[in-house]
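Student:
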Amino acid sequence: MSKALDHIKILDFTHVQSGPTCTQLLAWMGADVIKVERPGVGDATRKQLVDVEGADSLYFTMLNHNKRSLTLNSKTESGKEVLERLVKTCDVLVENFAPGALDRMGFSWERIQELNPRMIMASVKGFGPGPYEDCKVYENVAQCAGGSASTTGFRDGLPLVTGAQIGDSGTGLHLAFGICAALLHREKTGRGQRVLAPMQDGVLNLCRVKLRDQQRLKAGPLKEYSQYGEGIPFGDATPRAGNDSGGGQPGRILKCKGWETDPDAYTYFITQAAVWQKICDVIGKPEWKEHPDYATPPARLPHLNEVFGAIEEWTMTKTKYEVMEICNPLDIPVGPILSMKELAEEPSLRETGTIVEVDHPERGPYLSVGCPVKLSDNDVVVERSPLLGEHSDEILSEVLGYSADEIAALREAGAV
Ligand code: CAO
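Residue 1788 is where the sequence shown ends in the numbering used here, and the numbering goes up by one at each step.
This is the structure:
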């Protein structure tokens, strides 16, 4: 079966997490992804957070499936020649070096356009043009600079970063979207273009509802925030909202049976207006159905602590799975707090290929997250990440047409 991007060659000059997330997705959509890495060193994550001595780390293997690895020192003369040939041959160059690194290597956007006007050059940077454009940026810096940290956590506690890697993997997703759009545009125009995904912008995009709330503050307190019901005045910026729902329907995380010993024995519970009557029956408060203080969403807003307190008294008598089983048929939106252990063991995620077991010659079998987007004509088989330089000879000869003698000379010169 043909795949969505199986006619596309990617020059993957990415490292760490943000860029590799993007190129892994493109590989899963069928693109031929050629990961270019420094000889003898490779992507720094290969040797970060090592759990099996001598083997590529899970950090690396889980972000670089379905790619080929070419070692290349792009700062040597012959290495630059190889890179030029790659630029002429490939459709997309993806990179997430520190600002200016590609220019210093001699591969500015202008130079790349000269070499290949059809080339799409896609970059992740920490910030877009402006005062911080030269900064090196990592995940948590982006979460802080993009508005996530100031709006995550509890009102009376520190700003918090989230476990979801919205700065790195989130920006990788944004970049993949930009690349696919640029590829479609190239079909019409024949021209490549630059695609830039700054991490700050990507995080802010994912925090869109918090900028919504910033503007709503002008019209008065944010009534769906717990702090409103608690009578605590709002300041001039969107506050941290604990586990309050970000939408128009109030929601909270509530304790379930076993919470005293199990750190994940909790459920999310949303008091969706449409099912209020059913919620009242389930929690044993039928009198709240018609009571003027509870019957309508606006009436309930000042009483949310009391409402969720009563719901929690009920959820604490059930496991998080029982809460799901009882509420789901009634269309009451709830969700168990699932641990990584529970997700890793969840059979339905194995069946859909969202959790996959992959074999690796250095480390043996390991679990990974497969492709989270499913296309009906794009069955994804997750293949292990490449060893450093595993495909150098194959790429140099098959893709770039180097002879065996020429490859030997490149190796002699320390270029590959
Ligand atoms: N051959 C020769 N040189 C190479 C090479 C190769 N194959 N691959 C990389 N290099 C060189 C680069 O050219 C650069 O050299 P100069 O500093 O002389 O220009 C050098 O290696 C280091 O690159 P870097 O500055 O990008 O790497 P770093 O570890 O210092 O910084 C990071 C890492 C992530 C902070 C930085 O790359 C960055 O800010 N990237 C953009 C934002 C981003 O993606 N952040 C998310 C990372 S995931 O948390």
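Idealized CB from N, CA, C, for every residue including glycine.
What is the DSSP secondary structure of residue 1786, reduced to helix, strand or coil?
Tutor: It is coil, neither helix nor strand.
Student: Between which two residues does the alpha helix (DSSP H) harbouring residue 1469 extend?
Tutor: No alpha helix (DSSP H) holds residue 1469; DSSP gives it neither H nor E.
Student: Could you give the DSSP three-state label for residue 1653: helix, strand or coil?
Tutor: In this structure, residue 1653 counts as helix in the three-state DSSP scheme.
Student: For residue 1348, which residues in the same chain have their Cβ closer than 7 Å to its Cβ, ignoring the five residues on either side in sequence?
Tutor: With the chain running from 1373 to 1788 in the structure shown, residue 1348 is simply not present.
Student: When the Cα of residue 1568 is compared with those of 1546, 1737, 1577 and 1779, which residue comes out closest?
Tutor: When only C-alpha atoms are compared, the closest one is 1546.
Student: Short check: CB of residue 1679 to CB of residue 1693, under 9 Å?
Tutor: No. Outside cutoff.
Student: So, are the CB atoms of residue 1722 and residue 1728 less than 9 Å apart?
Tutor: Yes, the Cβ-Cβ distance between residue 1722 and residue 1728 is below 9 Å.
Student: Consider the C-beta atom of residue 1508 and the heavy atoms of the ligand CAO; say whether any pair is separated by less than 8 Å.
Tutor: Under cutoff, so the answer is yes.
Student: Name the two residues that bound the continuous alpha helix (DSSP H) containing residue 1517.
Tutor: Residues 1511–1517.
Student: At 4 residues or longer, what runs of the alpha helix (DSSP H) sit wholly inside the segment 1375–1453?
Tutor: For the segment 1375–1453, whole alpha helix (DSSP H) runs of length 4 or above, ordered along the chain, are 1390–1400 and 1430–1433.
Student: Cβ-heavy atom distance between residue 1410 and the ligand CAO below 8 Å?
Tutor: Flag set: Cβ of residue 1410 near the ligand CAO.
Student: Quick one: does the C-beta of residue 1469 sit closer than 8 Å to a heavy atom of the ligand CAO?
Tutor: Correct: residue 1469 has its Cβ closer than 8 Å to the ligand CAO.
Student: Among 1765, 1394 and 1609, whose alpha-carbon lies nearest the alpha-carbon of residue 1744?
Tutor: Measuring from the Cα of residue 1744, the nearest candidate turns out to be 1394.
Student: Does the beta-carbon of residue 1416, which I'm using as the reference point, lie nearer than 8 Å to any heavy atom of the ligand CAO?
Tutor: Yes, the ligand CAO has a heavy atom inside 8 Å of this Cβ.
Student: Between residue 1536 and residue 1438, what straight-line distance do the alpha-carbon atoms span, to the nearest angstrom?
Tutor: If you take the alpha carbons of residue 1536 and residue 1438, they lie about 23 Å apart.
Student: Identify whether residue 1566 lies in helix, strand or coil by the three-state DSSP scheme.
Tutor: In the structure shown, residue 1566 sits in a strand (DSSP, three-state: E or B).
Student: Are residue 1450 and residue 1782 close, meaning C-beta to C-beta below 9 Å?
Tutor: Contact: yes.
Student: Tell me the DSSP secondary structure of residue 1459 in three-state form.
Tutor: Helix at residue 1459.
Student: Just mark residue 1401 as buried or exposed, buried being the case when its beta carbon has 16 or more other beta carbons within 10 Å.
Tutor: Buried.
Student: Take residue 1517 and list the residues in its own chain whose beta-carbon comes closer than 6 Å to its own, dropping the five residues that flank it on each side.
Tutor: Here the set comprises 1572.
Student: Among the candidates 1704, 1612, 1590 and 1664, whose CA atom is the shortest distance from the CA of residue 1655?
Tutor: Of 1704, 1612, 1590 and 1664, the residue nearest in Cα terms is 1704.
Student: Using only the alpha-carbon positions, how far apart do residue 1733 and residue 1443 sit?
Tutor: When rounded, the distance between both Cα atoms is 19 Å.
Student: For my contact list, residue 1440 and residue 1407 are in at a C-beta cut-off of 8 Å; report their separation, rounded to the angstrom.
Tutor: Their Cβ separation, rounded to whole angstroms, is 7 Å, which keeps residue 1440 and residue 1407 in contact under 8 Å.
Student: Closer than 8 Å: is that where the CB of residue 1428 sits relative to any heavy atom of the ligand CAO?
Tutor: It does not: the Cβ of residue 1428 is nowhere closer than 8 Å to a heavy atom of the ligand CAO.
Student: Go ahead and pull the three-state DSSP assignment for residue 1729.
Tutor: Of the three classes helix, strand and coil, the one that applies to residue 1729 here is strand, per DSSP.
Student: Only counting the same chain, and skipping five residues up and downstream in sequence, which positions put a Cβ closer than 7 Å to that of residue 1317?
Tutor: Nothing in the structure corresponds to residue 1317, since the chain is present only between 1373 and 1788.
Student: Using the rule of at least 16 other Cβ atoms within 10 Å of the residue's Cβ for burial, across every protein chain shown, is residue 1391 buried or exposed?
Tutor: Classification of residue 1391: buried, given that the 10 Å Cβ count is 16 or more.
Student: For a quick check, are the C-beta atoms of residue 1507 and residue 1531 less than 9 Å apart?
Tutor: Result no, Cβ atoms of residue 1507 and residue 1531 do not sit closer than 9 Å.
Student: Does any residue of chain D have a CB that is nearer than 9 Å to the CB of residue 1785?
Tutor: Among the chains of the structure shown, chain D does not appear; only one protein chain is present.
Student: In chain order, what residues of the same chain lie with their CB nearer than 8 Å to the CB of residue 1627, ignoring the 5 residues before and after it?
Tutor: Counting only Cβ-Cβ distances below 8 Å, and skipping sequence neighbours, we find 1637, 1638, 1684, 1687 and 1688.
Student: Which of helix, strand or coil does DSSP assign to residue 1752?
Tutor: Coil at residue 1752, not helix or strand.
Student: Under the criterion of a Cβ to heavy atom distance below 8 Å, does residue 1385 qualify as lining the ligand CAO?
Tutor: Indeed, a heavy atom of the ligand CAO lies less than 8 Å from the Cβ.
Student: Exposed or buried, residue 1528, counting other C-beta atoms within 10 Å across all chains shown (16 or more means buried)?
Tutor: Looking at its Cβ environment, which holds fewer than 16 other Cβ atoms inside 10 Å, residue 1528 is exposed.
Student: So, with DSSP's three-state summary, where would you put residue 1625?
Tutor: Three-state result, residue 1625: strand.
Student: Among residues of its own chain, excluding the 5 on either side of residue 1377, which ones have a beta-carbon nearer than 7 Å to its beta-carbon?
Tutor: Counting only Cβ-Cβ distances below 7 Å, and skipping sequence neighbours, we find 1398, 1401, 1402 and 1403.
Student: What is the rounded straight-line gap between the Cα of residue 1752 and the Cα of residue 1593?
Tutor: Distance between the alpha carbons of residue 1752 and residue 1593 is about 48 Å.
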